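In the numbering used here, the protein residues as written are 2 to 428. All C-beta atoms in this analysis are idealised placements derived from N, C-alpha and C, irrespective of residue type, glycine included. Only a predicted model underlies this, so the values are computations on that prediction, with no experimental measurement involved.
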C-alpha cells in the first residue's frame, strides 16, 4: 500500500485535491477500501508445474543403444552410396574415353573391323557395370534410414509346445508387454540337431534351475517351428537384453556346419512374420554374439547370415508385392531368362538360341530356377524382385545396358564367346 501516492505528494500540484490528506482525508478511506477488498478476494493457490519422473537408467541405455544403431546404419549406407558414386564417375570417364577411341577408329578403318568390334564390346561391358553401380547407389540412397514398419507377413505353421514342455515346480518367468520387444535374437542350440526342445527344457529346468526353457521359438532340422514360450514371457536367453528380446533357436551346433535349407526357410518366414507382427525393422534381428561375449549362434554365422536375411526379405517382399512365393530350395528349372518387354526379349535372341534357357516374364516361374538371368534394367524389373529371387535360393545375374543397343551388344558377345554368365559360376 505504500506505493499508493497522491500526485501532490510528489510534485507541486493541487491533484488529487485538498481533501486528499486534510479534511475528509480520502486517501485513508481509499486505503481502507483496498484492504477490505483484499480480505474478501478468494485465495488462488500458485500453479505448480507437473513433475516428470526422471528416465530410468534402463530407458536411457536403451535409447542410447537405439541411437548408436541408427547412426551406424546411416554411416554404412552413406559410405556405400559414396563408394558407388565414385565408381560411377570412374566408369563414366572410361566409357567416354572408349567412345572417343571408337569414333577415331571408325574414321581410320571399316566399321566392321575387329578393333571396332572389340571397342563396342568393351563399351557394352562398362555400361553394364555402370548400370549395376547406379542401381547400387539408388538402393543405398533409398534406404538411408532403416524402415520402422515391416510389411505384414502371414504367420507360418507353428507347433505350440508352451504348456507341454517341462517347467520348474516353484519358479515362473516374469511377464511383459509385447510392445516392450525390440530385438529378435538368433541362437543355435549348440548340441546335435537330434536333441529337441523337450530335452533342452529338461536341462534348463533340472541343471540350470530356470523356470523353463530359455528360447521362445525352436526350429528343428526339418524346418518345423515350435513355440516354447509366449511372447509376453521374459525368459533367459540373452542376459541383460532378456526383457526386450525374443529368443529364436536353430537346432544344431553351427561351429563347423550350417543350418539346413529347411531351417533357413522356416526361420526366414518366422522372423519376417514376427517383424511385421511386432512392428520392427529388419535391423531388429541380431545374433546372440552381437549382444554378448559368446560364440552363439556358432562360428559359421557369417556363412549363413546373409542367406537368412535374404530369405526373410523374400517373405517381406512377397507380402508387399502380392507375388506368390515358392519354398526355398524348390528349384526345378536350371536356367531362366526373365524379361519385361518385347524389346528385352529381342535383345537376347542370340543369347537364347545359344544357351537355350527357359524364357518368360513370370517372376513366380523364375523363382523355381537355379540360375536366373534378368535381361532388363532396374526400371523394368526392380531390385526388390531381384532380392526376392535370391531369397528363394536362385543365383541371379542382371545383364542390361544404358540403352537397348548396349544390352544387345553385351548379350550377343556373351553368346559369341560362350559365356552363359558374367559373374556367376555354374556348379
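Residue from the options with nearest C-alpha to residue i
i: residue 426; options: 405, 393 and 374; result: 374
i: residue 408; options: 21, 376, 8 and 428; result: 376
i: residue 301; options: 424, 37 and 191; result: 191
i: residue 344; options: 398, 402, 292 and 294; result: 402
i: residue 277; options: 264, 382, 225 and 179; result: 179
i: residue 412; options: 370, 272 and 354; result: 354
i: residue 281; options: 194, 266, 183 and 233; result: 183
i: residue 381; options: 366, 396 and 405; result: 405
i: residue 250; options: 264, 295, 187 and 224; result: 187
i: residue 246; options: 181, 372 and 19; result: 181
i: residue 217; options: 193, 35 and 248; result: 248
i: residue 157; options: 428, 386 and 263; result: 263
i: residue 174; options: 224, 231, 159 and 200; result: 231
Beta-carbon proximity list for residue i, same chain, < 7 Å, skipping 5 on both sides
i: residue 198; result: 162, 166, 214, 219, 227 and 229
i: residue 311; result: 388, 391 and 392
i: residue 206; result: 167, 168, 169 and 213
i: residue 309; result: 265, 268 and 269
i: residue 177; result: 233, 235 and 244
i: residue 295; result: 289
i: residue 149; result: Its pLDDT being 48, under 50, residue 149 is placed unreliably in this model, and the coordinates cannot settle the point.
i: residue 201; result: 190 and 214
i: residue 386; result: 364
i: residue 348; result: 376, 405, 408, 409 and 412
Where the alpha helix (DSSP H) containing residue i begins and where it ends
i: residue 207; result: 198-207
i: residue 246; result: No alpha helix (DSSP H) holds residue 246; the beta strand (DSSP E) holding it covers 246-251.
i: residue 364; result: 364-367
i: residue 414; result: 405-417
i: residue 287; result: No alpha helix (DSSP H) contains residue 287, which is instead part of the beta strand (DSSP E) from 286-288.
i: residue 24; result: Premise fails: residue 24 is in no alpha helix (DSSP H) and is neither H nor E.
i: residue 455; result: Residue coverage of the chain in this structure runs from 2 to 428, which leaves residue 455 outside it and unanswerable.
i: residue 272; result: 262-278
i: residue 353; result: 350-356
Beta-carbon proximity list for residue i, same chain, < 6 Å, skipping 5 on both sides
i: residue 299; result: 189, 255 and 256
i: residue 399; result: 375
i: residue 194; result: 222, 252 and 253
i: residue 423; result: none
i: residue 203; result: 167
i: residue 346; result: 340
i: residue 433; result: Residue 433 is absent from the model: the chain starts at 2 and stops at 428.
i: residue 34; result: none
Residue range of the beta strand (DSSP E) that includes residue i
i: residue 185; result: 184-189
i: residue 336; result: 334-339
i: residue 373; result: 370-375
i: residue 219; result: 218-220
i: residue 399; result: 396-399
i: residue 241; result: No beta strand (DSSP E) contains residue 241, which DSSP labels as neither H nor E.
i: residue 179; result: Taken as a continuous stretch (DSSP letters only), residue 179 belongs to no beta strand (DSSP E), as it is neither H nor E.
i: residue 359; result: 359-361
i: residue 159; result: 159-161
i: residue 227; result: 226-228
Beta-carbon separation (whole angstroms), residue i vs residue j, contact threshold 8 Å
i: residue 315; j: residue 222; result: That belief does not hold up - the Cβ atoms of residue 315 and residue 222 are roughly 21 Å apart, past 8 Å.
i: residue 259; j: residue 305; result: 4 Å
i: residue 272; j: residue 313; result: 5 Å
i: residue 396; j: residue 371; result: 7 Å
i: residue 337; j: residue 367; result: 5 Å
i: residue 410; j: residue 351; result: Contact flag wrong, Cβ pair sits at about 10 Å.
i: residue 292; j: residue 185; result: Not confirmed; about 11 Å, so no contact.
Proximal residues to residue i (C-beta, below 8 Å), its chain only, five neighbours per side dropped
i: residue 196; result: 190 and 252
i: residue 14; result: 8
i: residue 21; result: 7, 9, 27 and 28
i: residue 443; result: Beyond the ends of the chain as shown, which are 2 and 428, falls residue 443; an answer cannot be given.
i: residue 303; result: none
i: residue 16; result: 7, 8 and 9
Legend entry - Given 8 Å, three or more beta-carbon pairs between the stretch 332-346 and the stretch 282-298: Contact between the stretch 332-346 and the stretch 282-298 is absent, because fewer than three Cβ pairs lie under 8 Å.
Inset, instruction - Take every Cβ of the stretch 239-259, pair it with every Cβ of the stretch 361-381, and state whether three or more of those distances are shorter than 8 Å. - result: A contact is defined here as three or more CB-CB pairs under 8 Å, and the stretch 239-259 fails this definition with respect to the stretch 361-381.
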